[in-house]
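Position 174 (the sequence shown) corresponds to 179 in this note's numbering; numbering is contiguous.
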Amino acid sequence: MTQLLGTAARLEVEFELPWPWGGELFRLGDVRALNYIVGPLGSGKTRLALRIAETLPSAAFLGLERLEGGDAAAQLDADTALKSRVEQALAWLADDGVTVSDALIALLAGLENQGPAVLVVDMVEQGLDSATQQAVIARLRRRGPDARPLFLLTRSCAILDLAAVGSHESIIFCPANHSPPSRVAPWPGAPGYEAVATCLASPEVRARTQGVIAWRPQMA
Numbered sequence: 006m007t008q009l010l011g012t013a014a015r016l017e018v019e020f021e022l023p024w025p026w027g028g029e030l031f032r033l034g035d036v037r038a039l040n041y042i043v044g045p046l047g048s049g050k051t052r053l054a055l056r057i058a059e060t061l062p063s064a065a066f067l068g069l070e071r072l073e074g075g076d077a078a079a080q081l082d083a084d085t086a087l088k089s090r091v092e093q094a095l096a097w098l099a100d101d102g103v104t105v106s107d108a109l110i111a112l113l114a115g116l117e118n119q120g121p122a123v124l125v126v127d128m129v130e131q132g133l134d135s136a137t138q139q140a141v142i143a144r145l146r147r148r149g150p151d152a153r154p155l156f157l158l159t160r161s162c163a164i165l166d167l168a169a170v171g172s173h174e175s176i177i178f179c180p181a182n183h184s185p186p187s188r189v190a191p192w193p194g195a196p197g198y199e200a201v202a203t204c205l206a207s208p209e210v211r212a213r214t215q216g217v218i219a220w221r222p223q224m225a
């Protein structure tokens, strides 16, 4: 079953969870401008994100393939309006000491694409150093509560600073035991808060573990 309810001020999504879950019903009411998807390796974050992108109308999924080849450069060359918006974003971010890189340009090409009504971004911090991550998330926060909804998969405490989460942001946690994902409040003592905190690491630690995947040995 897939059901979507939405208005300009309120967006809700409801669907049956894909594998590795058992088809439990997932419902997210009041989709916010920034929605973080967090969980340990192998918890199903990407599968949940893909399902959200499939369910919400006019949504798009920006995967890690954005980091491969020259797709972003070709996209910008073919769309002068998008290229102008990306250049403006880079100029704005330059004041915050970002490191301009292919990874940043590819991310901005997705974020500045005005086509999708909702954007789901896989590992938003991938390929970005600490200062760049902080500048990017600061810019996304400044869009305000009525901005286009973004779902950001992350394991970086520079992207998801639990002490800085505002009222137009939400945290969706995917537990390691594949219990249904749930929204977690951003304050110590809230159910799931400590589990979310243990999934986050500094950009330096995340860089050392980049490319690590979850793997389960086959049973004889």
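Just so you know, even glycine gets a beta-carbon here, dropped at the ideal spot from N, CA and C.
Judged by DSSP secondary structure, Leu157 falls within the beta strand (DSSP E) whose first and last residues are 155 to 158. At least 9 Å separates the beta-carbon of Ala200 from that of Val210.
Contact check for Ala111 against Leu165 fails: the beta carbons are separated by 9 Å or more. Apart from sequence neighbours up to five positions away, the residues of its chain that approach Val91 with a beta-carbon distance below 7 Å are Leu81, Ile110, Leu113, Ala114, Glu117, ordered along the chain. Pairing Asp127 with Thr60 gives a Cβ-Cβ distance that is not under 9 Å.
Rounded to whole angstroms, Trp24 and Pro191 show a C-alpha spacing of 27 Å.
Distance from the CA atom of Tyr198 to the CA atom of Thr85, rounded to whole angstroms, is 43 Å.
From the listed residues Ile176, Phe66, Ala122, the smallest Cα separation to Leu16 is found for Ala122.
For Ala86, the three-state secondary structure derived from DSSP is helix. Separation of Ser207 and Ala163 (C-alpha to C-alpha, rounded to the nearest whole angstrom) is 6 Å.
Take Gly171, set aside five residues on each side of it, and no residue of its chain has a beta-carbon closer than 6 Å to its own.
Within 10 angstroms of the beta-carbon of Val105 lie fewer than 16 other beta-carbons, which makes it exposed. The secondary-structure analysis by DSSP pairs Val129 with nothing; it has no beta-bridge partner. Unbroken alpha helix (DSSP H) runs of no fewer than 4 residues, entirely contained in the region 93 to 147, are found at 107 to 116, 135 to 146, following chain order.
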